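Comments concern the structure below.
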RNA sequence: GGGCCGGUAGCUCAGUCAGGCAGAGCGUCUGGCUUUUAACCAGACGGUCAUGGGUUCAAUUCCCAUCCGGCCCGCCA
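Numbering (the numbering used here), first residue to last: 2 to 556.
Dropping the structure here:
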């Protein structure tokens, strides 16, 4: 329509510049600035959305948490913000996922449900497919529920909006009619982005009244009557072609959907969206065409945009089909939700690996952020500014006096199941201040279980495998053996951890052993390793009979 | 093939917008704490800022090319 202007307007809507062109230290502030400069009406609407195609993983959470970050910045500035999450559940099921999950996050293989029954639903809207678990009204509702629960787990309030409902309740009706009334202009605009758009293209997919599939075989449109006629023809989804049933019929504008390229800008219009983050896969396809359609077909202003890079998981692409996924529920077994939220506060423009093996580093980073925020450690001005802006978003109610036990040390504490002993060791090692309030101690110790889960799941160096059943193969010289016997006698007489620790040093001296070698002998006996937790206190946590027998190499 | 995003210490990451001595944490090493043992304290080591050119008094930063990782340019979302 205004071809000469299109380049210029696209530059204004380059989704990368929202953050790039700002001098803000924190991207959330940059985006908030861009939104405010539009002087939006309240409430400011922030949207995200995904198709409920299967088990939601941390990549999908970008659509919720990135928006939440900006929402919180705006709320802090006094704005009323509504965060909407559209479940794009009117989309076609294109492919069966390899794994599904029930509402309690128990993952099951496709083979464990009726895959054949599911497979007969390819090409139908997610909400028109029975829930394979039988607990929700549809396949779509099932996985939308899991998406909503993911948000709940992170304490992020969102309004979940079903796209299916928007069609069914008529919300989309006017705009659908408008697009069909203006098919010519719709085609011309979209044709710049999709080669397949020709004179016969109709921006509507009808839901076949006979087989339920969404078909592109539109034969006639009567905008005034509000009806679309179709022939149910074959549909290509991914690699496969699904046979249409050939049924000919006529449906209302509520019985079908707009193609995605139109549906997205239509959502902006009917939901009055002011900001939407999206993955880089949209940055050069859907987004520019969406902007063009919004401006030149629908005559609405596109929202402020932001591109986020995709996460990888343990170095590889997140992939439902390859099974390389991790859910919010699983992540929260390993770390606190505020740490996970912090992960999403990091620069969205960088590809980021969520690496379970290195989770301790992510947690350390968060702990440092917290200490910088509370001025407990020195930091330069940039880091302080970042902490001031980011920390209150990651943490709901910043509370002074909070205590954090270093993550790897929390893993060390997991060597004992005794909560009092955990606390005692943490205090002794200086990780819990004497004047720490009870709530802070309790919160701090809660990390121990998460770190234990991490150590076990990754089977790393912190996963103490006490060789309780069987004496590891050891071969000590006479002096070491004698010193171990003496230590056994000392333990047998009853001694606390610090006393045992001290005795180890004394015995090393008495028997002219290298202290390090003597400690290693102890770790060798217990773990078949050369290193381990502080030995004296650790021996004190175990039952005396076992320790004495083991030190004497009897059992 | 064309376009776009990213690449900074062994690891995890700031810094690049607006050119001005290359940064933090962790790890490693050394020393200290009248007991080095995954705690604590001090210090050190550690960099071709992916590579090669260009502009500049000065380039991690700006420009060009290349490499690597990824996305888009079919359909679909």
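Beta carbons are placed, not taken as given, at the ideal position from N, Cα and C, and that holds for glycine.
Quick caveat: nothing in here was measured; it's all calculated off a predicted structure.
CA nearest to the CA of residue 224, picked from 66, 288, 176, 262: When each option's Cα is compared against that of residue 224, the closest is 176.
Where the beta strand (DSSP E) through residue 206 begins and ends: For residue 206, the enclosing beta strand (DSSP E) covers residues 206-208.
3-residue-minimum beta strand (DSSP E) runs that sit fully inside the segment 303-360, ordered along the chain: Runs of the beta strand (DSSP E) lying entirely within the segment 303-360 and spanning at least 3 residues, in chain order: 305-309, 312-314, 353-355.
Cα-Cα separation, residue 205 to residue 221: 11 Å
6 Å Cβ shell around residue 489 - same chain, five flanking residues per side excluded: 549, 552, 553
The segment 341-361 / the segment 57-69 touching (three or more Cβ pairs under 8 Å): Because the criterion of three Cβ pairs below 8 Å is met, the segment 341-361 and the segment 57-69 touch.
Nearest to residue 439 (by Cα), restricted to the options 258, 403, 471: Comparing Cα-Cα distances from residue 439 to each of 258, 403, 471, the minimum goes to 403.
Residue range of the unbroken alpha helix (DSSP H) whose run includes residue 389: 382-395
As assigned by DSSP and simplified to three states, the class of residue 287: helix
Residue 559 classed as buried or exposed, judged by whether at least 16 other C-beta atoms fall within 10 angstroms: The chain is shown from 2 up to 556; residue 559 falls before or after that span and cannot be answered.
Residue burial classification, residue 28 (beta-carbon count within 10 angstroms, cutoff 16): buried
The beta strand (DSSP E) enclosing residue 230, as first and last residue numbers: For residue 230, the enclosing beta strand (DSSP E) starts and ends at 228-232.
Cut-off 6 Å between Cβ atoms - residues of its own chain near residue 118, not counting five sequence neighbours on either side: none
Anticipated Cβ contact below 8 Å, residue 395 with residue 151, distance rounded: Incorrect: roughly 17 Å between the Cβ atoms, too far for contact.
In DSSP terms, what residue 362 is bridged to: None; residue 362 has no bridge partner.
Cutoff 7 Å; reference residue 5; Cβ partners in own chain excluding five residues on either side: Confidence is the limiting factor: at residue 5 the pLDDT is only 33, short of 50, which leaves the residue's position unreliable, though a coordinate-based value still follows. Excluding positions up to five away in sequence, the list is empty.
Run of the alpha helix (DSSP H) containing residue 271, from where it starts to where it stops: From DSSP, the alpha helix (DSSP H) with residue 271 extends over 261-272.
Residues of its chain near residue 536, where Cβ-Cβ distance is below 8 Å and the 5 sequence neighbours each way are ignored: These residues qualify, in order along the chain: 501, 502, 505, 520, 523, 524.
Cβ neighbours of residue 383 in the same chain (closer than 7 Å, five flanking residues each side left out): 26
Residue range of the alpha helix (DSSP H) that includes residue 539: 536-542
Per DSSP, the bridge partner or partners of residue 102: 108
Exposed unless 16 or more other CB atoms sit within 10 angstroms - verdict on residue 1: As shown, the chain starts at 2 and ends at 556. That puts residue 1 outside it, with no answer to give.
Bridge partners - residue 84, DSSP secondary structure assignment: 47
Nearest candidate by alpha-carbon position, reference residue 182, set 193, 299, 389: 299
4 or more residues per run - each alpha helix (DSSP H) lying fully within the segment 100-187: 116-120, 140-154, 164-169, 174-182
Closest Cα partner of residue 459 within the set 356, 261, 387: 356
Integer Cβ distance of residue 405 from residue 371, believed to fall under 8 Å: 7 Å
Cα-Cα separation, residue 169 to residue 253: 10 Å
Cβ-based neighbour list, residue 322, same chain, cut-off 6 Å, excluding 5 preceding and 5 following: 99
With 16 other Cβ atoms within 10 Å as the buried cut-off, status of residue 283: Classification of residue 283: buried, given that the 10 Å Cβ count is 16 or more.
Buried versus exposed, by CB contacts within 10 Å (16 or more), residue 379: exposed
Residue of 51, 57, 387 minimising C-alpha distance to residue 324: 57
Beta-carbon contacts of residue 273 that lie in its chain and below 8 Å, excluding the five residues immediately before and after: 42, 46
Distance CB(residue 157)-CB(residue 327) smaller than 9 Å: The Cβ atoms of residue 157 and residue 327 do not sit closer than 9 Å to each other.
Start-to-end residues for the beta strand (DSSP E) that takes in residue 561: The requested residue 561 is not part of the displayed model; the chain covers only 2 to 556.
C-alpha distance - residue 295 paired with residue 315, whole-angstrom precision: 39 Å
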